[in-house]
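All residue numbers for the sequence shown refer to this note's numbering, where the first residue is 501 and numbers rise by one.
This report concerns only the one structure given below.
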Amino acid sequence: MIDNKSVYIDHALEIHKNIYTVNWNIGNQCNYRCSYCSDLLNGGSAKWTEPEIINGFADRIIAQYSKNKDIVFEFTGGEVTLYKELYNVLKYLKERNCYTSILTNGSPKLDYWKKMKDVLDYVTLSFHAEHANAELFYSNVEYLHKHLNVHVNVMMHNKLFDISRSLGEKMLDGFNDLSLSFQPLLQSLTNEKILLDYTEEQMEMIKELDTARVRKMEIKEQRYKGEMREYFIDGRSNDISPERFIAERRNNWKGWFCWAGLEQIVITQERQVYRAWCLQDQVGEVGKEFDLPTNPVVCTKSKCHCNLDIATKKQCNLIITPDNIKDFSEVGVI
501 MIDNKSVYID HALEIHKNIY TVNWNIGNQC NYRCSYCSDL LNGGSAKWTE
551 PEIINGFADR IIAQYSKNKD IVFEFTGGEV TLYKELYNVL KYLKERNCYT
601 SILTNGSPKL DYWKKMKDVL DYVTLSFHAE HANAELFYSN VEYLHKHLNV
651 HVNVMMHNKL FDISRSLGEK MLDGFNDLSL SFQPLLQSLT NEKILLDYTE
701 EQMEMIKELD TARVRKMEIK EQRYKGEMRE YFIDGRSNDI SPERFIAERR
751 NNWKGWFCWA GLEQIVITQE RQVYRAWCLQ DQVGEVGKEF DLPTNPVVCT
801 KSKCHCNLDI ATKKQCNLII TPDNIKDFSE VGVI
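Here it is in structure tokens:
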């Protein structure tokens, strides 16, 4: 018998196991300047990617994966709602039978969303307390939730914690089926990836809010990726969100096999293609010939902080011996 430990992480919902995601940062123009963000994401130095480039690469992905996978294109920035060609790009992808998604700070007013809802399947709205209008943000969530698959990230700023907590509690009270997360923040987007200076009480409150979310919300498949199922060697399993892994400081899978590159690729503003936002392995560049990954990769990173990367299948690099093979067989990892 070996220690009871986590050995395998997969998607909690079957529908999420058949999705191939292209997560593309198409520019860094933004109407916010959050203290924990960086010029890389809000400096305005990277022009928006031309529609022809996006559509051309999409054609390649569709040709390679559409027979066996549901393809999701998600666009990030910057604030992607500032991209004037966004509607046309999303419309093209919808016409090619892809699913479409954006990550936004939710700042546009209602008229914008009335038009965009027809070319979107998923929208992730992130609440940033330093700049956001909480009332407008909440009303946008209410409207979009009636028409689209919506996920809300409440970014838990340590200095404006009560504002974020208040909005989170309002959403817990106002919805029964909203995909919602309470996100601890990093100090900056550096290699160290250190969390803001939270008190123990604040970290406990984040966990309590997440526990209330699990208890209250009846989640189906409102996110194309999200809740994961963690399997333990003793046969137990536990559904857990990417944000909860971070809050519990259990987001370390160095040495594990990771399916990044097989379930997703990410594309930088410079059009470089990687398996994941940890940027461990570059696999190519948009506009050039390259082979997409066909095998899992062994993680070399000490921490995994991107929700997209965390919400990817993972398996412990197992050492099989006569003493433990029965345990591994029973839990189903071999």
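Heads up, the beta-carbon is just placed ideally off N, CA and C, and yes, glycines get one too.
- Task: Using three-state DSSP, classify residue 745 as helix, strand or coil.
- Result: Locating residue 745 in the sequence shown gives position 245, counting from the first residue. In this structure, residue 745 counts as helix in the three-state DSSP scheme.
- Locate the beta strand (DSSP E) running through residue 657, then write down its first and last residues. Here residue 657 corresponds to residue number 157 of the sequence shown, with the count starting at 1. Residue 657 -> no beta strand (DSSP E), and no H or E assigned at all.
- Range covered by the alpha helix (DSSP H) that runs through residue 680: For this step, residue 680 is matched to residue 180 along the sequence shown. Counting along the chain, residue 680 falls outside any alpha helix (DSSP H), though it belongs to the beta strand (DSSP E) covering 679 to 684.
- Message: In this structure, how does DSSP classify residue 548 when only helix, strand and coil are distinguished?
- Response: Taking the sequence shown and counting its residues from 1, the one referred to as residue 548 is at position 48. Taken through DSSP and simplified to helix, strand or coil, residue 548 comes out as coil.
- From this set, 807, 816 and 753, which residue's C-alpha is nearest residue 624's C-alpha? In the sequence shown, counting from the first residue as 1, residue 624 sits at position 124. The residue with the shortest Cα to Cα distance from residue 624 is 807.
- Given a threshold of 16 other Cβ atoms within 10 Å of its Cβ, counted over all protein chains shown, does residue 715 qualify as buried or as exposed? The residue you call residue 715 lines up with position 215 of the sequence shown. Exposed, by the Cβ-count rule.
- With C-beta atoms as the reference, is residue 507 less than 9 Å away from residue 816? Numbered from 1 along the sequence shown, position 7 holds the residue referred to as residue 507. Numbered from 1 along the sequence shown, position 316 holds the residue referred to as residue 816. Closer than 9 Å, so yes.
- Item | C-alpha gap between residue 744 and residue 544, whole angstroms | Taking the first residue of the sequence shown as 1, we reach residue 744 at position 244. Taking the first residue of the sequence shown as 1, we reach residue 544 at position 44. Residue 744 and residue 544 have their C-alpha atoms some 32 Å from each other.
- Query: Do the region 523 to 536 and the region 762 to 774 make contact, defined as three or more Cβ pairs closer than 8 Å?
  - Reply: yes
- Message: Count Cβ pairs between the region 534 to 543 and the region 608 to 623 that sit closer than 8 Å; are there 3 or more?
- Response: no
- Message: Does the region 657 to 666 come into contact with the region 639 to 648, if we say contact requires no fewer than three beta-carbon pairs (one atom in each stretch) closer than 8 Å?
- Response: No, the region 657 to 666 does not touch the region 639 to 648.
- Message: On the CB-based measure, 16 or more other CB atoms within 10 Å of its CB, does residue 809 come out buried or exposed?
- Response: Within the sequence shown, numbered from 1, the residue matching residue 809 stands at position 309. Looking at its Cβ environment, which holds 16 or more other Cβ atoms inside 10 Å, residue 809 is buried.
- Item | alpha helix (DSSP H) segments (min. 4 residues) lying fully within the region 752 to 819 | Qualifying alpha helix (DSSP H) stretches, in chain order: 807 to 810.
- Task: Check residue 502 in the structure and name its three-state DSSP category.
- Result: Reading the sequence shown from its first residue, position 2 is the one you call residue 502. At residue 502, the pLDDT of 43 sits below 50, so the modelled position is not reliable; the number obtained from the coordinates is stated separately. Residue state, collapsed to three classes: coil.
- Query: Can you name, in chain order, every residue of its own chain whose Cβ lies under 7 Å from the Cβ of residue 760, other than the five neighbours on each side?
  - Reply: Position 260 of the sequence shown, counted from the start, is the residue given in the question as residue 760. So the qualifying residues of the chain are 775, 776, 797, 809 and 812.
- Task: Quickly, what does DSSP pair residue 652 with across the bridge? List them, please.
- Result: The residue given as residue 652 occupies position 152 in the sequence shown. DSSP output for residue 652 lists 625 and 680 as bridge partner(s).
- Looking at residue 601 and residue 532, is the spacing between their C-beta atoms short of 9 Å? In the sequence shown, residue 532 corresponds to position 32, counting from 1. In the sequence shown, residue 601 corresponds to position 101, counting from 1. Contact flag unset, no.
- Query: I think residue 599 touches residue 764, with their Cβ atoms under 8 Å apart; what is that distance to the nearest whole Å?
  - Reply: By 1-based counting over the sequence shown, the position of residue 599 is 99. By 1-based counting over the sequence shown, the position of residue 764 is 264. Rounded, the Cβ-Cβ distance is 13 Å, inconsistent with contact.
- Message: Tell me the residue span of the alpha helix (DSSP H) that contains residue 639.
- Response: As a first step, residue 639 must be located in the sequence shown, where it is residue number 139. Per DSSP, residue 639 belongs to the alpha helix (DSSP H) from 634 to 647.
- For my contact list, residue 667 and residue 685 are in at a C-beta cut-off of 8 Å; report their separation, rounded to the angstrom. One-based indexing of the sequence shown puts residue 667 at position 167. One-based indexing of the sequence shown puts residue 685 at position 185. Incorrect: roughly 15 Å between the Cβ atoms, too far for contact.
- Message: Using the Cβ count rule (16 or more neighbours within 10 Å means buried), how would you classify residue 604?
- Response: Taking the first residue of the sequence shown as position 1, residue 604 is located at position 104. Buried, because 16 or more other Cβ atoms sit within 10 Å of the Cβ of residue 604.
- Task: Go through its chain and collect everything with a Cβ distance to residue 534's Cβ below 6 Å, but skip five positions before and after it.
- Result: What you label residue 534 is simply residue 34 of the sequence shown in a count that begins at 1. Excluding sequence neighbours, residue 534 sits near 628 and 630.
- Message: Going by beta-carbon coordinates alone, are residue 682 and residue 709 separated by less than 9 Å?
- Response: Position 182 of the sequence shown, counted from the start, is the residue given in the question as residue 682. Position 209 of the sequence shown, counted from the start, is the residue given in the question as residue 709. Yes; because the gap between Cβ atoms is below 9 Å, this pair is in contact.
- Query: For residue 717, does the three-state DSSP call read helix, strand or coil?
  - Reply: Taking the sequence shown and counting its residues from 1, one reaches residue 717 at position 217. Looking at residue 717 - three-state DSSP - the assignment turns out to be coil, as it is neither helix nor strand.
- Message: Could you give the first and the last residue of the continuous alpha helix (DSSP H) run that contains residue 587?
- Response: Position 87 of the sequence shown, counted from the first residue, corresponds to residue 587. Start and end: 586 to 595.
- Near residue 691, which residues of its chain fall below 8 Å by C-beta distance, leaving aside the five closest residues on each side in sequence? The count along the sequence shown starts at 1 and reaches residue 691 at position 191. Residue placement at residue 691 is flagged as unreliable, the pLDDT there being 48, under the threshold of 50; the coordinate-derived value follows with that caveat. For residue 691, where only same-chain residues beyond five positions count, there are no Cβ hits under 8 Å.
- Task: Identify the continuous alpha helix (DSSP H) that holds residue 570 and give its terminal residues.
- Result: Within the sequence shown, the letter at position 70 stands for residue 570. Taken as a continuous stretch (DSSP letters only), residue 570 belongs to no alpha helix (DSSP H), being part of the beta strand (DSSP E) at 570 to 576.
- Message: Taking its Cβ as the centre, do 16 or more other Cβ atoms sit within 10 Å of residue 633, making it buried, or is it exposed?
- Response: By one-based count along the sequence shown, residue 633 stands at place 133. Its Cβ having fewer than 16 others within 10 Å, residue 633 is exposed.
- Query: For residue 732, which option in 725, 789 and 740 has the closest C-alpha, if you only look at C-alpha atoms?
  - Reply: Translated into positions along the sequence shown, residue 732 becomes position 232. The shortest C-alpha separation from residue 732 is found at 740.
- Buried versus exposed call for residue 571 [16 or more other C-beta atoms within 10 Å across all chains shown]: Indexing the sequence shown from 1 puts residue 571 at position 71. Counting the other CB atoms within 10 Å of its CB gives residue 571 a total of 16 or more, which places it among the buried residues.
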